[in-house]
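Chains as they are written, first to last, in my numbering: chain D, 15 to 428; chain Z, 4 to 177; chain X, 146 to 395.
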């Protein structure tokens, strides 16, 4: 909008660049966007390595999509052929074993990175105003991640694939009145079978690419507010910031390489350690495995599901354990962001993290005896944390005075 | 927020980026290679054929890499005819001796070089065209007793696949 | 540091999967374990003989092709000879009939039974599982398979073993439908190795481990190169980072 056309309806092309760069950028302003958002973008100076896990998660996602595409060239999504097509990939396709193991293990490492990333948000108050939408888009992506992972796990059509699918889809029948009809609609048959695996394959692709699309919203909302940092205090001057490039790019590169070294150890020397041996047995609708266990990243939520004795209650508890997390920006009443300055809330958050691991352990055990009792306590704490502690602690606690970024950096240097 | 580009810093950055690039390229190799035919496909890439049941004048069709291959036990008349054709009469000039290893046995791909139909002529009851070999019903190409194109729109002779004689009566195609 | 802790805690929680195997499975020293392990070719070749002479009567291995045996050191001629020992069904021919022919290297290992129902009928209703993936399909893998093979004992006092079942120390529930498959000297080895039960169990387990995971040696070899490369890359990236951040004033 210039002084001559206050309406702004006269569109003129302009670009800060010249030459071919300028020609493209004036018509499709990606170059100036990339420069603003990924090169010059100001980032607090006080970030620690917890902040690298978002980028690491994104590399995992890209890796999953690439390996997924190349697996897709060979995989056959039918009940009859799926298991054999995966073994063909492992044995006959050139480097098929590498692509398959990479795909499977990247899922686990994607969840590791995401869980650390979410912990960072909880500990440093990144979910609080004005970053609520960054957080919510993140939780939506997490939800989609779990859907994608569940669908993907059914595709090899091993025993765990089949029976895990049976158990989880049966949850839909818990919905009153319409539950059974929805279940049949979802499965395309009266049981998990050929119709199911075919559509699960399509949905797996669909959800995976949806996550990729949502990354854009997650990053846009983040760039509207700028990154949080360990102090929770916003930068007050340019001196308290750094440009994304080269400082954060090289820092994230370091963290990513280290992360992938750990991935490489698991991938090349213990590729099946995070999986379940039962999934190397062909799916058999007549034989149920002794212990149906989901993959490790689902275990906490599986524990919550089985902690509630009522079927529908368990389903509601499982879904709301994540759904209520989305309300945390409003449930948490504290004006202070970071746990560094919130002594009581800090304990609550660390206990929540411990609870997560306890529930994970319980989820892998049979749902009986001491295991289910502990799972119930764990579930109780989860909801206590969100619904009672978040509002109360914010109200009652006396936080410390948050340092400015400069003072925080000075104190660290000392 | 300064960026003093000392030569040492530049070198380290260059080394890191180069090594990273090498890594990325090396990572691409297994992915691209995975698109090539798998080991099971390659195992079926050669077929062994026992020629002993084929009597003089008889033809056999086998499948090799998904395509038909014509194996003909040629009679002496057919061999004579094939040898006596002058190169000027051929659209795709090729001497019969270049197309066979043992003149009794003709091994050619049964795919018309025009647009890919399977020519007739393998069965004794089949139309064999004007030159005693094969006739393609799709657009009227005529092949002779050496599988060479003599009349019709096909540009090239029926291709000879790679094969070896394992014994006098056994060949391996591919 | 946090990453290390997270990984440690993660691997800790991996323990969550072993949902109650009260039976202790002994650990054996396998040639392919460790960062530089490989499959003992001689053992695997002997194991193939054990499979062919003892196990193949009931157990299929339908994910393995005869041509795969090249990886164990068999020549093309040897593989053709092994394959030709088996008849497989092919067809229909030009008359519309199914027929039998000798197996080729490109064929999968011949099935002992034409279908699952025939397999069950011949084995008191129990289905002998396919062995192509058996080592990966059991929680303790090769240790479990070998232990099972040598774990047949007299049932302890008071334990009732029904007809058609046998007592085994390492089977879940201690009852197994397969009778003890190995007996002293059951297989005569071509290389003259003494075929004790322990030896045959070790050899056939080695063969089965290879069959379940033929890419293991490639995987470990490539893994070493990749990890060394990443370490070098990390060192460079680390130096770059220190270099770039040197100017940052607090």
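Yeah, the Cβ is synthetic: ideal placement off N, Cα and C, and Gly gets one too.
Could you give the DSSP three-state label for residue i: helix, strand or coil?
i                     : result
residue 203 (chain D) : coil
residue 125 (chain D) : helix
residue 230 (chain X) : coil
residue 146 (chain D) : helix
residue 180 (chain D) : helix
residue 151 (chain Z) : coil
residue 164 (chain X) : Interpretation of residue 164 (chain X) is limited by its pLDDT of 46, a score under 50 that renders its predicted location unreliable; the figure taken from the coordinates is listed afterwards. Looking at residue 164 (chain X) - three-state DSSP - the assignment turns out to be coil, as it is neither helix nor strand.
residue 257 (chain D) : strand
residue 73 (chain Z)  : strand
residue 441 (chain D) : The question about residue 441 (chain D) has no answer, for chain D in this structure spans 15 to 428.
residue 31 (chain D)  : coil
residue 171 (chain D) : coil
residue 106 (chain Z) : coil
residue 322 (chain D) : coil
residue 51 (chain D)  : helix
residue 135 (chain Z) : strand
residue 100 (chain D) : helix
Determine, using beta carbons only, whether residue i comes closer than 8 Å to chain X.
i                     : result
residue 182 (chain D) : no
residue 390 (chain D) : no
residue 99 (chain D)  : no
residue 57 (chain Z)  : no
residue 278 (chain D) : yes
Is it buried or exposed, residue i, if we count other Cβ atoms within 10 angstroms and call 16 or more buried?
i                     : result
residue 356 (chain X) : buried
residue 76 (chain D)  : exposed
residue 102 (chain D) : buried
residue 146 (chain Z) : buried
residue 424 (chain D) : exposed
residue 377 (chain D) : buried
residue 204 (chain X) : buried
residue 302 (chain X) : exposed
residue 387 (chain X) : exposed
Would a C-beta distance cut-off of 8 Å place residue i and residue j closer than the cut-off?
i                     : j                     : result
residue 346 (chain X) : residue 291 (chain X) : yes
residue 26 (chain Z)  : residue 374 (chain X) : yes
residue 163 (chain Z) : residue 110 (chain Z) : yes
residue 244 (chain X) : residue 211 (chain X) : no
residue 285 (chain D) : residue 119 (chain D) : yes
residue 327 (chain X) : residue 199 (chain X) : yes
residue 255 (chain D) : residue 148 (chain D) : no
residue 69 (chain D)  : residue 222 (chain D) : no
residue 246 (chain X) : residue 235 (chain X) : yes
residue 172 (chain D) : residue 295 (chain D) : yes
residue 384 (chain X) : residue 176 (chain Z) : no
residue 62 (chain Z)  : residue 73 (chain Z)  : yes
Residues in the same chain with beta-carbon distance under 7 Å from residue i, minus the five sequence neighbours each way, listed in chain order, please.
i                    : result
residue 97 (chain Z) : 151 and 160
Shorter than 8 Å from the beta carbon of residue i to some beta carbon of chain D?
i                     : result
residue 254 (chain X) : no
residue 42 (chain Z)  : yes
residue 14 (chain Z)  : no
residue 38 (chain Z)  : yes
residue 383 (chain X) : yes
residue 71 (chain Z)  : no
residue 1 (chain Z)   : Look at the range of chain Z in this structure, 4 to 177, and you will see that residue 1 (chain Z) is not part of it.
residue 158 (chain Z) : no
residue 33 (chain Z)  : yes
residue 273 (chain X) : no
Near residue i, which residues of its chain fall below 6 Å by C-beta distance, leaving aside the five closest residues on each side in sequence?
i                     : result
residue 346 (chain D) : 404 and 408
residue 262 (chain D) : 57
residue 135 (chain Z) : 148
Kindly indicate if chain Z contains any beta-carbon less than 8 Å away from that of residue i.
i                     : result
residue 320 (chain X) : no
residue 106 (chain D) : yes
residue 219 (chain X) : no
residue 377 (chain X) : yes
residue 109 (chain D) : yes
residue 113 (chain D) : yes
residue 212 (chain X) : yes
residue 238 (chain X) : no
residue 102 (chain D) : yes
Enumerate in chain order the residues of its own chain whose CB-to-CB distance from residue i is below 8 Å, with the five nearest sequence positions on each side excluded.
i                     : result
residue 298 (chain X) : 312, 313 and 314
How about residue i: is its Cβ closer than 7 Å to a heavy atom in the ligand ZN?
i                     : result
residue 418 (chain D) : This structure simply doesn't include the ligand ZN, nor any ligand for that matter.
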